[in-house]
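Notes to accompany the following structure.
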Amino acid sequence: MIKTRVFCARLWKAMRLFVLLPSERDYLRQLRASGLFDASFYRGAHGGLHPLYRRFAMRHFLRHGEGAGLRPNPNFSPEAYLRLNPDVARAGLRPFRHFLSVGRAEGRVLSAPDIEALPAIAPPVLRFDPTREKAAFAVHAHVYYPDLWPDFAQRLTRLEIDFDLFVTLTWRGTETALLQQLIEQAFPGARVFCLANQGRDILPFLTLINAGAFDGYAAVAKIHTKKSPHRTDGDIWRNHLIDGILPQEGLAAHLRAFLEDEDAGLWVADGQHYRGRNGGALTGPEQRRSCAGWSLCRGR
Numbered sequence: 005m006i007k008t009r010v011f012c013a014r015l016w017k018a019m020r021l022f023v024l025l026p027s028e029r030d031y032l033r034q035l036r037a038s039g040l041f042d043a044s045f046y047r048g049a050h051g052g053l054h055p056l057y058r059r060f061a062m063r064h065f066l067r068h069g070e071g072a073g074l075r076p077n078p079n080f081s082p083e084a085y086l087r088l089n090p091d092v093a094r095a096g097l098r099p100f101r102h103f104l105s106v107g108r109a110e111g112r113v114l115s116a117p118d119i120e121a122l123p124a125i126a127p128p129v130l131r132f133d134p135t136r137e138k139a140a141f142a143v144h145a146h147v148y149y150p151d152l153w154p155d156f157a158q159r160l161t162r163l164e165i166d167f168d169l170f171v172t173l174t175w176r177g178t179e180t181a182l183l184q185q186l187i188e189q190a191f192p193g194a195r196v197f198c199l200a201n202q203g204r205d206i207l208p209f210l211t212l213i214n215a216g217a218f219d220g221y222a223a224v225a226k227i228h229t230k231k232s233p234h235r236t237d238g239d240i241w242r243n244h245l246i247d248g249i250l251p252q253e254g255l256a257a258h259l260r261a262f263l264e265d266e267d268a269g270l271w272v273a274d275g276q277h278y279r280g281r282n283g284g285a286l287t288g289p290e291q292r293r294s295c296a297g298w299s300l301c302r303g304r
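Residues 5 to 304 in the working numbering are what the sequence shown lists, from first letter to last.
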């Protein structure tokens with residue numbers, strides 16, 4: 005009897021994907037017209053979905069996902085939107101529908117925290133010898149949050165590939181100088197540089213590129229100490245991004261397949277594929293800071 009009830013409940017839940025109320029049909033049309041529902045991200049970020057729900061991701065979000073707090077794209081959290089807009093929560097409104105209907109026009113976006121004021125430091129003058137001996141791959145880790153370095157160190161120690169390590173540190177004074185010593189002791193061959201708090205994780209990466217740091221490598225991985233403190237799942241998202249490109253097992257095989265694919269240029273975690281000028285998601289600082297992946301260096 006219990007099994008029959010469970011089956012019937014699941015069947016009804018699945019049927020509700022296709023039996024929509026008039027207001028739900030209007031919302032479905034609104035979701036489609038907005039272009040802000042990222043089905044690729046939804047499937048990748050919520051990997052436990054039933055195959056039927058993965059196929060009809062937008063309908064699943066409308067019927068079940070939004071109420072459960074699942075994200076329709078990388079930058080919108082229903083839970084955070086209700087927390088930051090208590091009037092919407094009090095009214096019992098759907099957070100994403102409110103954003104599409106009213107909130108977007110009113111400027112009710114989830115803004116990133118202000119950039120922390122940190123000590124200035126003169127930029128280093130960098131130039132790398134293109135003929136130097138190097139490994140097949142390079143990994144660049146940008147460390148803004150020093151307390152996350154131990155986790156990064158453990159991950160890097162376990163990698164099953166031969167790589168050269170480049171670390172850029174956001175300068176905080178003595179604390180950063182001590183961290184630089186710790187990194188160089190743990191990874192004797194690492195190149196560690198202290199930089200001013202400018203350009204988030206992108207400018208340090210470009211600084212190394214312009215200095216020729218990555219010339220001659222087959223592929224380069226870029227990671228950074230992402231917390232996203234304004235999000236409820238910042239740590240989960242960071243781990244998802246990094247696990248997607250630096251898995252504990254099978255990295256070498258994945259890299260071989262990546263290198264052999266003539267159409268491949270970037271490798272990122274599931275659910276982080278962006279389409280169109282606006283990436284199929286909200287624009288703003290968070291989209292620019294979601295970078296973690298491998299890039300090929302063909303012809304270099």
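Ideal placement from N, C-alpha and C gives every residue a C-beta, glycine not left out.
The model shown is predicted, which means the values in this text are computed figures rather than measured ones.
Assigned secondary structure, residue i (DSSP; H/G/I helix, E/B strand, else coil)
{"i": "F167", "result": "strand"}
{"i": "N282", "result": "The pLDDT assigned to N282 is 42, lower than 50, so where the model puts this residue is not dependable, and the model offers no usable value."}
{"i": "G303", "result": "Since pLDDT at G303 reaches only 44, below the 50 mark, its modelled position is unreliable, and no value is offered."}
{"i": "H244", "result": "helix"}
{"i": "I125", "result": "coil"}
{"i": "V23", "result": "coil"}
{"i": "H64", "result": "helix"}
{"i": "G69", "result": "helix"}
{"i": "D91", "result": "helix"}
{"i": "G51", "result": "coil"}
Top-ranked residue by Cα proximity to residue i, from the options
{"i": "H54", "options": "I187, L40, G69, D42", "result": "G69"}
{"i": "L97", "options": "A126, A109, P82, R59", "result": "P82"}
{"i": "F132", "options": "E264, A217, S27", "result": "A217"}
{"i": "F191", "options": "H258, F156, L250, F103", "result": "F156"}
{"i": "L86", "options": "R162, P99, W153, G71", "result": "P99"}
{"i": "A121", "options": "K230, L250, Y31, N201", "result": "N201"}
{"i": "H144", "options": "Q34, I227, R94, L24", "result": "I227"}
{"i": "H50", "options": "G39, L40, A126, F65", "result": "F65"}
{"i": "F41", "options": "L24, Q189, N79, A296", "result": "N79"}
{"i": "R159", "options": "N77, L24, Q252", "result": "Q252"}
Residue i - partner residues in DSSP beta bridges
{"i": "W271", "result": "W298"}
{"i": "N77", "result": "F80"}
{"i": "I227", "result": "A145"}
{"i": "V196", "result": "V171"}
Beta-carbon proximity check, residue i vs residue j, cutoff 9 Å
{"i": "L212", "j": "G203", "result": "no"}
{"i": "V147", "j": "V171", "result": "yes"}
{"i": "A2", "j": "W298", "result": "Only positions 5 to 304 of the chain appear in the structure, and residue 2 is not among them; the question remains open."}
{"i": "L255", "j": "A273", "result": "no"}
{"i": "L21", "j": "F60", "result": "yes"}
{"i": "R29", "j": "M62", "result": "no"}
{"i": "G71", "j": "V92", "result": "no"}
{"i": "I125", "j": "L199", "result": "yes"}
{"i": "A222", "j": "F141", "result": "yes"}
{"i": "P154", "j": "L173", "result": "no"}
N- and C-terminal bounds of the alpha helix (DSSP H) containing residue i
{"i": "L259", "result": "255-264"}
{"i": "N214", "result": "206-214"}
{"i": "E137", "result": "Taken as a continuous stretch (DSSP letters only), E137 belongs to no alpha helix (DSSP H), as it is neither H nor E."}
{"i": "L160", "result": "153-162"}
{"i": "Y221", "result": "First-last for Y221: undefined, no H or E at that position."}
{"i": "A109", "result": "From DSSP, A109 is part of no alpha helix (DSSP H); its letter is neither H nor E."}
{"i": "F100", "result": "99-102"}
{"i": "Q252", "result": "Looking at the DSSP string, Q252 is not in any alpha helix (DSSP H), and its letter there is neither H nor E."}
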